[in-house]
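A.B. asks:
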Amino acid sequence: MKVRSILLAIVFVAAGAKGWAESHDSCNSRGLSATAPGTFIANEPLAPALLELGQISHVCFGLRLLDDNAFTHILHVNMTNASVRQILDSMVRELPDYVFREFPPSVVLVGKLDMKAPDLLLDKVVPSFDSPRAPLHAVSNALKMQIAVNIDPTITGFAGSYPTGDIGDQVGPIQENGKMIWELLNEIVGDSGGRMWISSLPESGKTYPRLNLWKVIEYSMPPKEAEAAIQRVASQFQNSEASRH
Amino acid sequence: MMYSELLRVRDSSYKKPRFHARLVRCQSVPRQPCPTVPKLTPFAVRHGLNGVFTAPFVKKLRYEGEASTGSEDFPTSWSSQDTSVAIAAGGAGNIGTVVGEGAGTTEIIATAENEFGTCSIGAGADVTVMQPHQVEPVNTQIQGAAVCPSGQHGWSRTVTNQVQTSSGTAIPYASMTMADTLMAQTPNSLGISGTETGSTQTDSHGDFPDTYFVCSTGCPGSGTAGGTQSWTYNGFNLPHSNSVSYACSAITIDGH
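Note that the protein sequences, when read in sequence, are chains A and R. According to the working numbering, the stretch in the first sequence is residues 233 to 477, in order. According to the working numbering, the stretch in the second sequence is residues 9 to 264, in order.
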């Protein structure tokens with residue numbers, strides 16, 4: 233039953249997202265004031281529900297300072313012609329300590345944002361980050377490498393592969409000094425054609441998973457692929473949580 | 009109380025009952041013919057086992073109106089002629105579930121039952137099981153200078169990768185989850201120690217885009233680095249690994 237409702241919601245959302253994508257090419261600048269057209273129904277955890285809300289409203293999200301509830305606690309939302317703020321209010325009401333805030337440029341952060349802890353990974357300051365205008369995933373990958381080098385200056389090289397995404401969705405150029413990682417992620421995603429970034433591990437962890445701090449998910453992804461991407465983050469997150477206990 | 013016991017109660021001289029055999033012929037009921045069913049359309053299922061057929065892939069298949077005719081709904085069971093290739097794992101009505109066990113072709117037979125018995129209606133379909141063996145690039149979408157951290161330069165190449173059988177035939181299925189890992193190999197004069205890999209899903213051609221990259225303090229320069237890229241398909245290892253060669257202005261995959 234749950235699977236069916238998720239599939240229905242995804243089909244609905246995919247149709248809505250397509251309509252938006254035809255006429256927009258960046259995050260919705262109205263942010264929390266944006267309206268989710270029609271009826272927004274979600275019977276699923278926060279992370280996939282926000283992906284669907286992002287797809288239908290084209291508001292860009294950043295998800296950080298999460299716990300297991302973001303992937304396991306089933307939310308029940310059924311609202312018609314509601315604003316993104318109203319929908320988020322409804323969602324976080326069911327999740328203790330979860331709040332949301334809008335940051336420039338038009339990215340809404342969701343998570344346990346008031347959690348105070350020293351040395352949170354995504355609060356680390358990046359002394360300098362430069363990138364030419366390039367596909368979003370290339371810039372995101374470059375930021376991961378820059379952070380890895382900052383943490384371990386003995387690294388002399390990287391190689392590998394990453395999912396290409398939409399190579400037409402370009403961001404930058406970026407030239408920033410002294411910004412925190414989450415601020416840079418907001419800047420990258422806020423400049424894109426519609427995405428959300430999601431922290432892929434508990435941020436207060438003692439271990440640093442090189443090149444694997446976050447995942448960027450495009451709203452234009454096929455529904456199955458987007459759902460699978462969320463699932464991968466969920467399992468990675470839960471594995472990290474389990475390894476801490 | 010059993011009938012034989014009743015006899016004993018009524019007749020204490022009971023010794024041995026006498027039986028008179030008599031041929032009983034049931035009233036004739038017109039037997040309905042088995043449905044006539046045409047041969048099903050051949051189909052293919054995927055198989056994702058690293059040459060060891062222990063964890064089958066399941067694909068549900070719908071045979072529309074094949075095992076039943078008219079408005080009747082015959083309970084149907086399915087069986088396989090060669091279970092080393094595929095097994096019919098059950099199903100309901102005219103929906104059969106086939107499990108791909110190994111590369112090859114066999115026939116799936118439907119057996120329908122009407123209200124008077126079983127009809128071996130012989131509705132079969134040739135099923136071909138395709139086993140993913142390798143991932144190979146089939147074209148280059150774009151390549152050029154990579155976006156690297158400060159102090160490093162390198163190369164980036166975006167290709168269309170394709171899931172193939174051992175003979176190089178594309179396996180044209182969407183939503184296969186492909187994930188890779190990269191092991192740095194010698195030579196490694198570019199000093200690569202950090203690797204990045206990920207996972208994605210195929211389109212209906214069995215294709216997916218993938219971006220290979222290298223960044224190094226040794227670039228620009230003439231150094232090279234090697235890597236072995238291993239793949240999984242829906243969590244199962246593929247037998248073939250790619251040999252990837254990285255240089256400051258070129259990346260090749262299995263020599264391509």
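Glycine included, C-beta positions come from ideal geometry on N, C-alpha and C. Please read these numbers as outputs of a predicted model, since none were measured by experiment.
1) Using the rule of at least 16 other Cβ atoms within 10 Å of the residue's Cβ for burial, across every protein chain shown, is A:Ile306 buried or exposed?
2) Would you mind sorting R:Gly235 into buried or exposed? The rule is 16 or more other CB atoms within 10 Å of its CB.
3) I'd like to confirm the pairing. Which residues does DSSP put opposite A:Arg427 in its beta bridges?
4) What residues in the segment 450-473 of chain A bring their beta carbon closer than 7 Å to a beta carbon of chain R?
5) Sort out for me which residues DSSP pairs A:Val376 with in a bridge.
6) Give a yes or no on whether the minimum CB-CB distance between A:Asn313 and chain R is below 9 Å.
7) For R:Ser207, write down the residues that DSSP places opposite it in a beta bridge.
8) Determine whether the Cβ of A:Ala274 lies closer than 9 Å to any Cβ atom of chain R.
9) Give a yes or no on whether 9 Å exceeds the smallest Cβ distance from R:Pro157 to chain A.
10) Give me, in chain order, the residues of the same chain whose beta-carbon lies closer than 7 Å to that of A:Phe335; leave out the 5 immediate sequence neighbours on both sides.
11) Is the CB of R:Glu144 under 9 Å away from at least one CB in chain A?
12) How far does the alpha helix (DSSP H) with R:Gly234 in it extend, from its first residue to its last?
13) Give me the Cα-Cα distance between A:Glu457 and R:Gly199, rounded to the nearest whole angstrom.
14) Output needed in chain order: residues of the segment 235-260 of chain R with a Cβ under 9 Å from some Cβ in chain A.
15) Is any beta-carbon of chain R found at less than 9 Å from that of A:Tyr330?
16) Below 9 Å between beta carbons is the criterion; list the residues of the segment 354-385 of chain A that meet it against any residue of chain R, in chain order.
17) Output, in chain order, the set of chain A residues within a Cβ distance shorter than 7 Å of R:Tyr220.
18) Buried or exposed: which applies to A:Asn313, given that a residue is buried once 16 or more other Cβ atoms fall within 10 Å of its Cβ?
19) Give me, in chain order, the residues of the same chain whose beta-carbon lies closer than 7 Å to that of A:Leu345; leave out the 5 immediate sequence neighbours on both sides.
20) Could you tell me if A:Ile383 is buried or exposed, where buried requires 16 or more neighbouring beta carbons within 10 angstroms of its beta carbon?
21) Since A:Met219 contacts A:Gly286 with CB under 8 Å, what's their CB separation in whole angstroms?
22) Between the C-alpha atoms of A:Tyr451 and A:His290, what's the straight-line distance to the nearest angstrom?
23) Taking the straight line between their C-alpha atoms, what separation do you get for A:Leu264 and A:Gly400?
24) When the Cα atoms are used, what is the spatial distance from R:Thr136 to R:Asn250?
25) Against chain A, with Cβ distances strictly below 9 Å, would R:Asp262 count as a contact?
26) Beta-carbon of A:Gly389 versus every beta-carbon of chain R: anything under 9 Å?
27) Applying the criterion that 16 or more other CB atoms from any shown protein chain within 10 Å of the CB defines a buried residue, is A:Ser431 buried or exposed?
28) Suppose you measure from the CA of A:Val483 to the CA of A:Ile379; what does that come to, to the nearest Å?
29) So R:Thr189 packs on R:Arg165, CB below 8 Å; how close in whole Å?
30) Using a 10 Å radius around the Cβ and a threshold of 16 neighbouring Cβ atoms, would you call A:Gly426 buried or exposed?
31) What's the call for A:Asn373, buried or exposed, on a 16-neighbour Cβ count within 10 Å?
32) In chain A, which residues lie with their C-beta within 9 Å of the C-beta of R:Phe217?
33) Tell me whether R:Ala258 sits in a helix, a strand or coil according to DSSP, three-state version.
34) If we count the other Cβ atoms within 10 Å of its Cβ and call it buried at 16 or more, is A:Pro405 buried or exposed?
35) Contact between the segment 219-235 of chain R and the segment 155-165 of chain R: three or more CB pairs below 8 Å?
36) Mind checking which residues open and close the beta strand (DSSP E) that includes A:Val421?
C.D. replies: Well, looking at it:
1) exposed
2) buried
3) A:Glu450
4) Cβ contacts with chain R: Lys456, Glu457, Ala460 and Arg464.
5) The question names Val, yet the displayed sequence has Lys at residue 376 of chain A. Paired residues: none, contrary to the question.
6) no
7) R:Ala187
8) no
9) Yes, R:Pro157 counts as interfacial toward chain A.
10) Leu341 and Asn418
11) no
12) Not the alpha helix (DSSP H): R:Gly234 falls in the beta strand (DSSP E), residues Thr232 to Tyr241.
13) 34 Å
14) Of all residues in the segment 235-260 of chain R, Gly235, Gln237, Val252, Tyr254 and Ile259 have a Cβ within less than 9 Å of some Cβ in chain A.
15) no
16) So the close ones are Ser360, Phe361, Asp362, Ser363, Pro364, Ala366, Pro367, His369, Ala370, Val371, Asn373, Ala374, Leu375, Lys376, Met377, Gln378, Ile379, Ala380, Val381, Asn382 and Asp384.
17) Ser393
18) Result: exposed.
19) In its chain, beyond the 5 residues on either side, Leu297, Val331 and Arg333 have a beta carbon closer than 7 Å to the beta carbon of A:Leu345.
20) exposed
21) Beyond the ends of chain A as shown, which are 233 and 477, falls residue 219 of chain A; an answer cannot be given.
22) 8 Å
23) 27 Å
24) Each residue's Cα considered, the two are about 26 Å apart.
25) False, the Cβ-Cβ gap to chain A never drops below 9 Å.
26) Output row for A:Gly389: interface = yes.
27) Burial of A:Ser431 is indicated by the presence of at least 16 other C-beta atoms within 10 angstroms of its C-beta.
28) There is simply no residue 483 of chain A to check, as chain A begins at 233 and stops at 477 in what is shown.
29) Their Cβ separation, rounded to whole angstroms, is 19 Å, which puts R:Thr189 and R:Arg165 out of contact at 8 Å.
30) Counting of Cβ neighbours within 10 angstroms places A:Gly426 among the buried residues, the total reaching 16 or more.
31) buried
32) The question names Phe, but residue 217 of chain R in the sequence shown is Pro. In chain order: Pro395, Thr396, Gly397 and Ile399.
33) strand
34) exposed
35) yes
36) A:Val421 -> not in any beta strand (DSSP E); alpha helix (DSSP H) instead, spanning Ile413 to Gly422.
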